[in-house]
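Student: Pasting a structure here, questions to come.
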Amino acid sequence: MPTSIAEGKDWSVVEFQRHLPDTVTDVGPGEGTYAKLFRPVHAGIWWTGIEIHKPYVAKHKLRSTKTRSMYDELHVEDARTSDQHLFHRDLVIFGDVLEHMPREDAIALLGKAEAAGAWNILVSLPIVEAPQGEVDGNPNEAHIHHWDADDMDAVLAELGGHVESMRGETLGVWWWSRRG
Numbered sequence: 669m670p671t672s673i674a675e676g677k678d679w680s681v682v683e684f685q686r687h688l689p690d691t692v693t694d695v696g697p698g699e700g701t702y703a704k705l706f707r708p709v710h711a712g713i714w715w716t717g718i719e720i721h722k723p724y725v726a727k728h729k730l731r732s733t734k735t736r737s738m739y740d741e742l743h744v745e746d747a748r749t750s751d752q753h754l755f756h757r758d759l760v761i762f763g764d765v766l767e768h769m770p771r772e773d774a775i776a777l778l779g780k781a782e783a784a785g786a787w788n789i790l791v792s793l794p795i796v797e798a799p800q801g802e803v804d805g806n807p808n809e810a811h812i813h814h815w816d817a818d819d820m821d822a823v824l825a826e827l828g829g830h831v832e833s834m835r836g837e838t839l840g841v842w843w844w845s846r847r848g
């Protein structure tokens, strides 16, 4: 779904405040959960969104010409085929998005962000069985891979850097950083 549950968001805000990124790419913003959550914490951030489902842009007002948009730059495309430069940011967010693709694609996408020079990566995803099919006519909302928290720990450790995590009842949240 283009929404996200509240679990782990407080922890994410604390990490965000600790790192205070100036440039962010939000992969699969849906309704803009992370832009809404983080914008009030640190003004002046350049927000890039990569949204695969074009109807979400208007439905969730991700880009607006009349008022301030949630995203300064918005690309309607599949992040797996996006230009590498979109991942050269202080923070790349994969919030409730990696479960919507095969594991190999998710690992490649995380590697793409690291290789592009992302300083920090935020990952949030279900760590319990959470079957889901198409939502609102969007086949990209189907859950393709069920992640185990230990598996995500290992995948992010392979990127090098420093990893912190929070495991909730249903979601796991990870903050990967080059600097620690």
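First residue of the sequence shown: 669, per the working numbering; consecutive thereafter.
All C-beta atoms in this analysis are idealised placements derived from N, C-alpha and C, irrespective of residue type, glycine included.
1) Cα separation between A781 and D746?
2) Between the C-alpha atoms of S792 and E741, what's the straight-line distance to the nearest angstrom?
3) Spell out a yes or no on whether the segment 683–695 and the segment 747–761 are touching, meaning 3 or more CB-CB pairs, one atom from each, closer than 8 Å.
4) Please name the residue, chosen from P689, V841, R731, G698, that lies closest to G712 on a Cα-to-Cα basis.
5) According to DSSP, is V709 part of a helix, a strand, or is it coil?
6) Would you kindly check if the distance between the Cβ of R846 and the Cβ of A817 is under 8 Å?
7) Given a cut-off of 8 Å, decide if E826 and W843 are closer than it, judged by their beta-carbon atoms.
Tutor: In this structure, then:
1) Within the sequence shown, the letter at position 113 stands for residue 781. Within the sequence shown, the letter at position 78 stands for residue 746. Across the structure, A781 and D746 are spaced so that their CA atoms are roughly 14 Å apart.
2) To locate residue 792, count along the sequence shown from 1; it is residue 124. To locate residue 741, count along the sequence shown from 1; it is residue 73. The straight-line gap from Cα to Cα measures roughly 22 Å.
3) With the cut-off at 8 Å, the segment 683–695 and the segment 747–761 touch.
4) Numbered from 1 along the sequence shown, position 44 holds the residue referred to as residue 712. Scanning P689, V841, R731, G698 for the CA closest to the CA of G712 turns up P689.
5) Start at 1 with the first residue of the sequence shown, and residue 709 comes out as number 41. The answer is coil: DSSP assigns V709 none of H, G, I, E or B.
6) Along the sequence shown, one-based indexing puts residue 817 at 149. Along the sequence shown, one-based indexing puts residue 846 at 178. Cβ atoms of A817 and R846: not closer than 8 Å.
7) Indexing the sequence shown from 1 puts residue 843 at position 175. Indexing the sequence shown from 1 puts residue 826 at position 158. Taking a C-beta distance under 8 Å as the contact criterion, W843 and E826 do not qualify as a contact pair.
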